[in-house]
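Structure, as structure tokens:
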Amino acid sequence: MATMLNGAAVMDAALLLIASNETCPQPQTSEHLAAVEIMQLKYIIILQNKIDLTKESQAREQYSQSSDSFDVNKPGCEVDDLQGGVAGGSILRGVLKVGQKIEIRPGLVSKDLETGSVTCRPIISCIVSLFAEQNDLAYAVPGGLIGVGTKIDPQLCRADRLVGHVLGEVGTLPDIYVELEISFFFLRRLLGVRTEGDQKGGKVQKLFKNEVLMVNIGSLFSGGCVIAVKGDLAKIRLNSPVCTQVDEKIALSRRVERHWRLIGWGEI
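Under the numbering used here, the first residue of the sequence shown is numbered -16, with each subsequent residue one higher.
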């Protein structure tokens, strides 16, 4: 990988070689594609080898898999053929309908390098399709996983970039926060930590200022720095902004023996 990154830094294009007798993408293929994206290479040529080891139908199927792994909107395609990104998740409350105008929060996040201030721009779009388990739906209600077809750029939906974001009708979503004030509760003892014999897990230590925690809020997990503690109240500054509401339950984890261990929970 180090050799690949060094070479990609001075190249205008990349050749990606894949075996036609294997499914695509393989773990290493995904890793190299991520590296190509990081190095901002605009041109990629995909080559299939080992054609002699597979049937023509299998090679064509793998070709289709390779195509599906990339941007669905090819350069030069007609305007009417452009496709939007698909967001997946579960509906907590309410109803989603095809044709409904929606927004996604926090949306596009940018940070001022000089002041450190964070700016969030909600993504406004429209629902063009709804489906569950390959069944097209006219509307969707709470329960199960739902795919929501939108008109937003598919690049925004790739690589779990929308994980932790909230989708809903315009004007109905909660506020966006970078700092949270919580009332927290600790577990009696650490769970999942190896101990000798019948010895119980160690007691959970108190929070202290400037400590870094892992905070889970809904489907979002983000690092957070404790900036103030008083009794069972704490203020945490998150690394990533979150769209949430007061009284929402959160989980708190601490780094113990090189692993994140659950130490308690809190309420905003």
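We treat Cβ as the ideally placed atom computed from N, Cα and C, and that holds for glycine. From a predicted model like this one, the values you see are computed outputs, not experimental measurements.
Going by beta carbons, residue 231 and residue 210 fall outside the 8 angstroms limit. Of the other Cβ atoms in all chains shown, fewer than 16 fall within 10 Å of the Cβ of residue -2; this residue is therefore exposed.
For residue 41, the secondary structure class from DSSP, reduced to helix, strand or coil, is helix.
Only buried fits residue 108, as 16 or more other CB atoms lie within 10 angstroms of its CB.
Put simply, the region 122 to 130 touches the region 71 to 78. At least three CB pairs are less than 8 angstroms apart. Here residue 121 carries a coil assignment [DSSP, helix/strand/coil]. Fully contained in the region 71 to 149 are the following beta strand (DSSP E) runs of length 3 or more, in chain order: 84 to 94, 101 to 109, 112 to 115, 118 to 120 and 128 to 132.
Around the beta-carbon of residue 149, 16 or more other beta-carbon atoms lie within 10 Å, marking it buried.
For residue 224, the enclosing beta strand (DSSP E) covers residues 216 to 226. Of all alpha-carbon atoms in 4, -6, 191 and 27, the one lying nearest the alpha-carbon of residue 40 is that of 4. Distances from the alpha-carbon of residue 116 to those of 34, 130 and 80 put 130 closest.
Going by DSSP, residue 208 is part of the beta strand (DSSP E) stretching over 203 to 213.
Judged by DSSP in its simplified three-state form, residue 188 adopts coil rather than helix or strand. Contact between residue 83 and residue 157 fails: their C-beta atoms lie close to 18 angstroms from each other, not under 8 angstroms.
CA-to-CA, the gap between residue 95 and residue 2 works out to about 44 angstroms.
Of 242, 223, 235 and 236, the smallest CA-CA separation from residue 100 is found for 223.
Under a 10 Å Cβ-count criterion, residue 70 is classified as buried, with 16 or more other Cβ atoms of the shown protein chains found around its own Cβ. Residue nearest to residue 136 within the set 212, 155, 6 and 106 is 106 (criterion: CA-CA distance). In the structure shown, residue 3 adopts coil according to DSSP, grouped into three states. Only exposed fits residue 60, as fewer than 16 other CB atoms lie within 10 angstroms of its CB. DSSP, reduced to helix, strand and coil, places residue 156 outside both helices and strands of the structure shown, so it counts as coil.
Residue 169 and residue 161 have their C-alpha atoms roughly 23 angstroms apart. Here the alpha carbons of residue 19 and residue 12 stand approximately 10 angstroms from one another. With respect to the C-alpha of residue 167, the residue from 250, 138, 153 and 44 having the closest C-alpha is 250.
In the same chain as residue 132, and ignoring 5 residues on each side of it, the C-beta atoms closer than 6 angstroms to its own belong to 69, 111 and 112, in chain order. Judged by DSSP in its simplified three-state form, residue 195 adopts strand. Here DSSP, grouped into helix, strand and coil, assigns residue 229 to coil.
Bounds of any beta strand (DSSP E) do not take in residue 67, whose DSSP letter is neither H nor E.
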